[in-house]
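Taken in order, the sequence shown gives residues 340 to 493; the numbers are from this note's numbering.
Here a beta-carbon is modelled for each residue, glycine too, at the ideal position from N, C-alpha and C.
If you're wondering where the values come from, they're calculated on a predicted model, not measured in any experiment.
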Amino acid sequence: MRLSTKGRYGVRAMFDLALRYGQGPIPLKDVSQRQEISVNYLEQLFVHLRRNGLVEGTRGPKGGFFLTKKPGRIKIGDVIRAIEGPISLVYCVDPEERKKECHRADTCITRLLWKRTSEKLAESLDAVTLEDLCEEARRLYKGEEPKHPFAFQI
Numbered sequence: 340m341r342l343s344t345k346g347r348y349g350v351r352a353m354f355d356l357a358l359r360y361g362q363g364p365i366p367l368k369d370v371s372q373r374q375e376i377s378v379n380y381l382e383q384l385f386v387h388l389r390r391n392g393l394v395e396g397t398r399g400p401k402g403g404f405f406l407t408k409k410p411g412r413i414k415i416g417d418v419i420r421a422i423e424g425p426i427s428l429v430y431c432v433d434p435e436e437r438k439k440e441c442h443r444a445d446t447c448i449t450r451l452l453w454k455r456t457s458e459k460l461a462e463s464l465d466a467v468t469l470e471d472l473c474e475e476a477r478r479l480y481k482g483e484e485p486k487h488p489f490a491f492q493i
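Here's what the structure looks like:
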C-alpha cells in the first residue's frame, strides 16, 4: 500500500490539532502555515475528517476546527480510513471492492497473504494514537531519544 499525499497530510493536520487540543478552534490558515499544506487542500481533507466524526468546525472570526475526542482516543488508523478508505494492500481483500475488481478473489492463493498483511498494517496504525505522536514530538523537541510505546512490526 502506498499511502497517498491525502493520507499523509491528513495525519499531519490532525497531529497539529492534537498538539493544540483544548485551545479552542484552530483556523486552517494556521495549520496551513505550520504544516506547509495549502488551505484549499486542507479544506478538502477536513470534509472527510468531519464527515467521519473526527473533527468539528466553527465559522466566524474566531472559527476553526477542533478534535471531537481527546488525542489519545483517535488512532492513526481512524484518520487514514476517514481520508483514504479501508486499509488494504490490494482491492481483493476489501469486501466492498473484491467482487468487482478480481474474478479470482475466492480462489486466489496469494489473497490470504495480502489479507493478513493488510490486517497487520491496520493493527499497527490502530496501535498509534494522536497523543502518541504528540508525546514523541515533545521528546524530540527536548532532544530526547524517541521512546516508542508501539511496535512497527508487520
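Residue i: which of the options sits nearest, CA to CA?
i      : options                           : result
Val350 : Ile365, Gln374, Asp369 and Tyr360 : Gln374
Thr344 : Leu381, Ala357 and Leu358         : Leu381
Gly399 : His442, Pro364 and Asn391         : Pro364
Asn391 : His442, Pro425 and Asp445         : Pro425
Leaving out the 5 sequence neighbours to the left and right, which residues in its chain are closer than 8 Å to residue i when beta-carbon positions are compared?
i      : result
Ile376 : Tyr348, Arg351, Ala352 and Val370
Trp453 : Ser427, Leu428, Val429, Cys431 and Val432
Lys408 : Leu393
For a quick check, are the C-beta atoms of residue i and residue j less than 7 Å apart?
i      : j      : result
Gly411 : Glu470 : yes
Leu472 : Ala421 : no
Note down, in chain order, each residue of its chain lying with its Cβ closer than 7 Å to the Cβ of residue i, except the 5 sequence neighbours on either side.
i      : result
Ile448 : none
Assign residue i to one of two classes, buried (16 or more other C-beta atoms within 10 Å of its C-beta) or exposed (fewer than that).
i      : result
Thr397 : exposed
Leu464 : buried
Asp445 : exposed
I'd like the list of long-range same chain contacts for residue i, defined as Cβ closer than 6 Å, with 5 residues on each side in sequence excluded.
i      : result
Leu367 : Val378 and Leu381
### Query
Are the segment 403-410 and the segment 453-462 touching, with three or more C-beta to C-beta distances below 8 Å?
no
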